[in-house]
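Taking the numbering used here, the leading residue of the sequence shown gets 1341, the next gets one more, and so forth. Cβ coordinates follow ideal geometry from the N, Cα and C atoms, glycine included. Here's the structure, in structure tokens; my notes come after.
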Amino acid sequence: MDAYQPLGADPTVAELLARRPHLSMRVAGGLLLEGVPLAAIADALGTPTWVIGAGTLRARARRLRAALDDAGLDAAVHYAVKANDHLAVLRILSAEGFGADVVSGGELRRARMAGIAGSRIVFSGVGKSAGELRLAIGEGVGQINVESAEEIELLSRIAGTMGRRVAVALRVNPDIDAGGHTKIATGRASDKFGIAYGDALALYARAAALPGLEPVGLAVHIGSQIAAPTPFRQAFARIAALVVGLRESGHAVRTVDCGGGLGVSYRDEDEGSPRALAGAMRATLGDLGLLLVVEPGRWLVAPAGLLLGSVVLVKRQGAGEPPFIVLDCAMNDLLRPSLYEAWHGLLPLSASRASAAPRGAHVVGPVCESGDSFARDRMLPPLQVGDRVAILDTGAYGAVMSSTYNARPLAAQALVDGTRWTTIRPRQEISALWRDEIVPDWIMPRRVGA
Ligand code: LLP
């Protein structure tokens, strides 16, 4: 994925902007997301603050929809809620006609809270608890993607006690290595996900024989941040062969869930193409009379979001060594660089700063870990204390992966829509960090002499 290729020169400010039509730099307003100067949001809410562009989300949703339609596919989109689960994001994407892919009871409740009908929700995940399965059945979830023989038995028992019959798809592990970062690869036989390819036929038959279950199809998801269509095509071809085999054995197979995984361009890599993905679906599964489903997360939301931070300190080093630019945002806000060595573009909000000649710098957060780093040896416009910056393409797996490590409250969130913007989550109050903590009275210190 992003940072795992040999690195050439860093893209310049102009190159970063050229690939991101939703961003622009104006002499007076500085960096704009859609029609809103980001400095205005930073002035009003302070930093760190996440910002997401509704117009950008809609535009990407429509590009994906058009790619599927133009390929002549009968395909439904179930947005992978894990990428960004803010209710406003869910509302925008559901208004575009998308359902949801959820992986926990919490995500299911969120999707329902955003007004997404149970019937338009697919429940995936390798370890759903009995309570979560009961919740899903109770909410009338459209499909549960089962991932193991054990889960099939459990779900049948639960559906039986509830007197219900649930549509299930078997998530199959196609044993395809899509490349990329090992922490987000899911389609290799050694990964924890899915039913082994060779067991799928027997388990489909088992599910069909059990009470309470209606096997309706197959699901596959090979990983994330995948640009090339080849791994998708290989995985879908294996699934297509299984569909044919199942039908030959007399089973009904109505649907195939093709998963998510389409990549974006963080640095200078190619962005995953919805048209190429649709082409791979069409070529492999298109003639089987299936209802096809895709579950994208990152491709829809990553480029639409950014994280605003401010420079709190410029720590100079010995001659020839780049300075440490210390921001007020950190790994507790945006974990991706620390966890996956992910590369994220960084732009100053001020146009005059952005046009200055770049120099080498390390950009870090203030958290007490060396891994709390956003960029090493990066060529950047010279940044000074008080300058504000935007860390780009953080709409997916950004705010959702935040923590309050080092007692740092969760950042504020804002939504831009064309020329208007509004707060969609205020900065967490510091007292919220300990409000729910209980100190048992027996550990209170005794007063001397008491
Ligand atoms: N469907 C399933 C079953 C998944 O496990 C995932 C992602 C998706 C769909 C959506 O994948 P996407 O279209 O977003 O690639 N935190 C990591 C990414 C983890 C992805 C986990 N599963 C990161 O920041 O790169």
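Q: Could you tell me the distance, in whole angstroms, from the CA atom of residue 1551 to the CA atom of residue 1375?
A: One-based indexing of the sequence shown puts residue 1551 at position 211. One-based indexing of the sequence shown puts residue 1375 at position 35. Between residue 1551 and residue 1375, the C-alpha separation is close to 55 angstroms.
Q.
Which runs of the beta strand (DSSP E) at least 3 residues long sit entirely within the segment 1488 to 1553? Give them in chain order.
A. 1506 to 1513
Q) The alpha helix (DSSP H) with residue 1574 in it runs from where to where? A) In the sequence shown, counting from the first residue as 1, residue 1574 sits at position 234. Taken as a continuous stretch (DSSP letters only), the alpha helix (DSSP H) holding residue 1574 covers 1569 to 1588.
**Q.** Beta-carbon proximity check, residue 1424 vs residue 1739, cutoff 8 angstroms
**A.** One-based indexing of the sequence shown puts residue 1424 at position 84. One-based indexing of the sequence shown puts residue 1739 at position 399. Yes, Cβ-Cβ distance for residue 1424 and residue 1739 is below 8 angstroms.
Q. Do residue 1689 and residue 1356 have their C-beta atoms within less than 8 angstroms of each other?
A. Here the question's residue 1689 lines up with position 349 in the sequence shown. Here the question's residue 1356 lines up with position 16 in the sequence shown. Not a contact, by the Cβ cut-off of 8 angstroms.
Q.
What I want to know is whether the C-beta of residue 1558 ends up closer than 7 angstroms to one or more non-hydrogen atoms of the ligand LLP.
A. Locating residue 1558 in the sequence shown gives position 218, where the first residue counts as 1. No, the ligand LLP has no heavy atom inside 7 angstroms of this Cβ.
Q | Helix, strand or coil at residue 1731 according to DSSP, with G and I counted as helix | A | Taking the first residue of the sequence shown as 1, we reach residue 1731 at position 391. Strand.
Q) Comparing the CB of residue 1565 with every heavy atom of the ligand LLP, is any distance shorter than 7 angstroms? A) Walking along the sequence shown from the start, residue 1565 turns up at place 225. Yes, the Cβ of residue 1565 comes within 7 angstroms of a heavy atom of the ligand LLP.
**Q.** Closest by C-alpha distance to residue 1454, when choosing among 1480, 1426, 1474
**A.** Working through the sequence shown from its first residue, we reach residue 1454 at position 114. Minimum Cα distance to residue 1454 is reached at 1426.
Q: Could you please give me the residues that DSSP links to residue 1428 through a beta bridge?
A: Working through the sequence shown from its first residue, we reach residue 1428 at position 88. Bridge partners of residue 1428: none, in fact.
Q) When you compare each of 1568, 1364, 1389 to residue 1750 by their alpha carbons, which one comes out closest? A) As a working note, residue 1750 is residue 410 in the sequence shown. With distances taken between Cα atoms, residue 1750 lies closest to 1389.
Q. Beta carbon of residue 1415, beta carbon of residue 1640: below 8 angstroms?
A. Walking along the sequence shown from the start, residue 1415 turns up at place 75. Walking along the sequence shown from the start, residue 1640 turns up at place 300. Cβ distance not < 8 angstroms, so residue 1415 and residue 1640 don't count as in contact.
Q) Which residue from 1702, 1623, 1673, 1648 puts its Cα closest to that of residue 1655? A) Reading the sequence shown from its first residue, position 315 is the one you call residue 1655. It is 1702 whose Cα lies nearest to the Cα of residue 1655.
(Q) Short of 8 angstroms in beta carbon distance, which residues of its chain neighbour residue 1556, apart from the five on each side in sequence? Order them along the chain. (A) Position 216 of the sequence shown holds residue 1556. Only 1483, 1507, 1508, 1509, 1592, 1593, 1594, 1595 meet the Cβ criterion.
Q: Please go through the segment 1692 to 1733 and give each complete beta strand (DSSP E) segment of 3 or more residues, from N-terminal end onward.
A: 1699 to 1704, 1713 to 1720, 1728 to 1732
(Q) Do residue 1461 and residue 1477 have their beta-carbon atoms positioned less than 8 angstroms apart in this structure? (A) Here residue 1477 refers to the residue found at position 137 of the sequence shown. Here residue 1461 refers to the residue found at position 121 of the sequence shown. Contact flag unset, no.
Q: Going by DSSP, name the residue or residues bridged to residue 1645.
A: Here the question's residue 1645 lines up with position 305 in the sequence shown. For residue 1645, which the question treats as bridged, DSSP gives the partners 1392.
Q) Does the Cβ of residue 1443 have 16 or more other Cβ atoms within 10 Å, making it buried, or fewer, making it exposed? A) What you label residue 1443 is simply residue 103 of the sequence shown in a count that begins at 1. Buried, since its Cβ has 16 or more Cβ neighbours within 10 Å.
**Q.** Burial state of residue 1564, where buried means 16 or more other Cβ atoms lie within 10 Å
**A.** Sequence index remark: in the sequence shown, residue 1564 carries index 224 (1-based). It is buried - the Cβ of residue 1564 has at least 16 other Cβ atoms within 10 Å.
Q. Going by beta carbon distance, what residues of the same chain come within less than 6 angstroms of residue 1382, once the five residues before and after it are set aside?
A. Position 42 of the sequence shown, counted from the first residue, corresponds to residue 1382. For residue 1382, where only same-chain residues beyond five positions count, the Cβ hits under 6 angstroms are 1648, 1728.
Q) Which same chain residues, not among the five before or five after residue 1685, have their C-beta less than 6 angstroms away from its C-beta? A) Translated into the one-based positions of the sequence shown, residue 1685 becomes position 345. Closer than 6 angstroms at Cβ, skipping near neighbours: 1356, 1732.
Q: Please look up how many angstroms separate the CB atoms of residue 1561 and residue 1635, rounded, as I've assumed it's under 8 angstroms.
A: To locate residue 1561, count along the sequence shown from 1; it is residue 221. To locate residue 1635, count along the sequence shown from 1; it is residue 295. Residue 1561 to residue 1635, Cβ: 7 angstroms. Contact.
Q. Does the ligand LLP have a heavy atom nearer than 7 angstroms to the CB of residue 1599?
A. Start at 1 with the first residue of the sequence shown, and residue 1599 comes out as number 259. Answer for residue 1599: yes, Cβ within range of the ligand LLP.
**Q.** Inter-residue spacing [alpha-carbon to alpha-carbon] between residue 1784 and residue 1777
**A.** As a first step, residue 1784 is located in the sequence shown; it is residue number 444 there, counting from the start. As a first step, residue 1777 is located in the sequence shown; it is residue number 437 there, counting from the start. If you take the alpha carbons of residue 1784 and residue 1777, they lie about 14 angstroms apart.
Q: Keeping to the same chain, check which residues put their C-beta closer than 7 angstroms to that of residue 1537; ignore five residues upstream and five downstream.
A: Stepping through the sequence shown from its first residue, residue 1537 is reached at position 197. Excluding sequence neighbours, residue 1537 sits near 1512, 1513, 1514, 1515, 1578.
Q: Have a look at residue 1681 and residue 1705 and give me their C-alpha separation to the nearest angstrom.
A: Taking the sequence shown and counting its residues from 1, the one referred to as residue 1681 is at position 341. Taking the sequence shown and counting its residues from 1, the one referred to as residue 1705 is at position 365. Taking the straight line from one Cα to the other gives about 14 angstroms.
Q. How many whole angstroms separate the CB atoms of residue 1602 and residue 1544, which I take to be in contact at a CB cut-off of 8 angstroms?
A. In the sequence shown, the residue the question calls residue 1602 occupies position 262. In the sequence shown, the residue the question calls residue 1544 occupies position 204. Actually they do not touch by this definition, with Cβ atoms about 27 angstroms apart.
Q) In its own chain, which residues sit with a C-beta less than 6 angstroms from the C-beta of residue 1431, not counting the 5 before and 5 after it? A) Here the question's residue 1431 lines up with position 91 in the sequence shown. Result list for residue 1431: 1454, in chain order.
Q | For residue 1555, the residue or residues it bridges with in DSSP | A | Counting from 1 along the sequence shown, the entry for residue 1555 is found at position 215. Note: residue 1555 sits in a beta bridge opposite 1508.
Q. How far does the alpha helix (DSSP H) with residue 1469 in it reach, from first residue to last?
A. Position 129 of the sequence shown holds residue 1469. Residue 1469 -> no alpha helix (DSSP H), and no H or E assigned at all.
Q: Assign residue 1441 to one of three DSSP states: helix, strand, or coil.
A: Your numbering for residue 1441 matches position 101 in the sequence shown. Reduced to three states, the DSSP call for residue 1441 is strand.
Q. Looking at residue 1440 and residue 1428, is the spacing between their C-beta atoms short of 8 angstroms?
A. Here residue 1428 corresponds to residue number 88 of the sequence shown, with the count starting at 1. Here residue 1440 corresponds to residue number 100 of the sequence shown, with the count starting at 1. Contact flag unset, no.
(Q) Against chain E, does residue 1455 count as a neighbour if the rule is that its beta carbon must be under 8 angstroms from one of theirs? (A) Reference to chain E is not applicable here, since this structure consists of a single protein chain.
Q | Coil, strand or helix - residue 1614 by DSSP | A | On the sequence shown, position 274 is the one that residue 1614 refers to. In the structure shown, residue 1614 sits in a helix (DSSP, three-state: H, G or I).
Q: Please report the Cβ distance between residue 1644 and residue 1393, rounded to the nearest whole angstrom; I am assuming they are in contact, meaning their Cβ atoms lie under 8 angstroms.
A: Stepping through the sequence shown from its first residue, residue 1644 is reached at position 304. Stepping through the sequence shown from its first residue, residue 1393 is reached at position 53. Right, the Cβ-Cβ distance comes to about 5 angstroms (below 8 angstroms), so this counts as a contact.
Q: Taking 8 angstroms as the cut-off, decide whether the C-beta atoms of residue 1717 and residue 1662 are in contact.
A: Numbered from 1 along the sequence shown, position 377 holds the residue referred to as residue 1717. Numbered from 1 along the sequence shown, position 322 holds the residue referred to as residue 1662. Going by C-beta atoms, residue 1717 is nearer than 8 angstroms to residue 1662.
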